[in-house]
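J.:
Numbering (our numbering), first residue to last: 221 to 458.
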């Protein structure tokens with residue numbers, strides 16, 4: 221009996237891993253990206269796989285901090301901006317065509333800038349087993365001069381359809397003893413303890429505003445997104 225339990229556990233682990241690597245997605249280097257493909261910024265990560273759509277190429281990139289031409293009223297500091305981007309290309313008839321792109325930024329900031337994809341959050345899955353990959357990524361944005369958490373966004377695509385969770389990361393301010401966020405209280409829209417008042421600012425930490433964009437998605441998409449959010453919502457500066 222014990223051996224059977226061990227075997228079943230191993231099979232479940234394999235099944236979970238297989239769902240996340242259904243297309244044998246391979247991480248590639250910048251030198252492996254065809255020269256004909258044009259994208260903005262410096263490459264962060266690139267992934268390649270094949271599915272029903274054909275040969276896929278996912279690129280995430282960023283534009284380093286640059287001095288913004290805009291001026292900030294009542295400030296002697298120069299404003300700066302940072303951008304991040306993602307591009308999904310499909311190869312058709314030997315030509316790569318853009319399927320979708322994502323662009324976000326923190327602009328005209330005179331404080332400390334944090335704009336980056338969160339390491340380890342790019343996932344290529346086939347959760348609904350339709351032979352079309354879902355891509356998921358998470359990134360954080362902040363312009364801050366105090367102990368406030370960065371904004372976090374989780375973006376999932378299947379083909380050209382986008383799903384998203386948007387909220388704040390959790391930051392240990394020294395007043396909280398442990399990470400209080402769970403998969404059951406991450407959604408501010410349904411969390412009964414959150415009333416939306418100004419003095420509940422710290423209750424926003426680690427939580428997202430709504431799951432509405434997943435309302436028409438397969439249930440497995442939201443289950444996966446919740447787990448990914450919870451896994452990476454605690455902000456680290458290491």
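Beta carbons: idealized from backbone N, C-alpha and C, even for Gly.
Go ahead and label residue 448 buried or exposed: buried means 16 or more other beta carbons lie within 10 angstroms of its beta carbon, across all protein chains shown.
T.: The residue in question, residue 448, is buried, as its Cβ has 16 or more Cβ neighbours within 10 Å.
J.: Can you check which of these residues, 455, 250, 310 and 446, is closest to residue 388 by C-alpha distance?
T.: Selected option, being the one with the closest Cα: 455.
J.: Is the segment 311–318 close to the segment 270–277, with three or more CB pairs under 8 Å?
T.: Output reads yes: the segment 270–277 touches the segment 311–318.
J.: Skipping 5 residues on each side, what residues in its chain have a beta carbon closer than 8 Å to that of residue 362?
T.: Excluding positions up to five away in sequence, the list reads 326, 332, 333, 334, 335, 368, 369, 370 and 371.
J.: What does residue 359 pair with, by DSSP beta-bridge criteria?
T.: 337 and 373, per the DSSP bridge assignment.
J.: Using a Cβ distance threshold of 8 Å, determine whether the segment 400–411 contacts the segment 435–442, with at least three qualifying pairs required.
T.: Because the criterion of three Cβ pairs below 8 Å is not met, the segment 400–411 and the segment 435–442 do not touch.
J.: Just tell me which of 375, 243 and 255 has its CA closest to the CA of residue 444.
T.: Among 375, 243 and 255, the Cα nearest to that of residue 444 is on 375.
J.: Put residue 385 into one of helix, strand or coil per three-state DSSP.
T.: Strand, per DSSP.
J.: For residue 244, which of 348, 353 and 303 has the nearest alpha-carbon?
T.: Nearest of 348, 353 and 303 to residue 244, Cα basis: 353.
J.: Under the rule that 16 or more other beta-carbon atoms within 10 Å means buried, what is residue 237, buried or exposed?
T.: With a pLDDT of only 44 at residue 237, under 50, the local geometry of the prediction cannot be trusted, and the value read off the model is given with reservation. Exposed, because fewer than 16 other Cβ atoms sit within 10 Å of the Cβ of residue 237.
J.: Where does residue 435 fall in DSSP's three states?
T.: In the structure shown, residue 435 sits in coil (DSSP, three-state: anything other than H, G, I, E or B).
J.: Output the distance between the C-alpha atoms of residue 421 and residue 270, rounded to the nearest integer angstrom.
T.: C-alpha separation (whole angstroms): 44 Å.
J.: For residue 354, which beta-bridge partners are listed by DSSP?
T.: BP columns for residue 354 point to 345 and 378.
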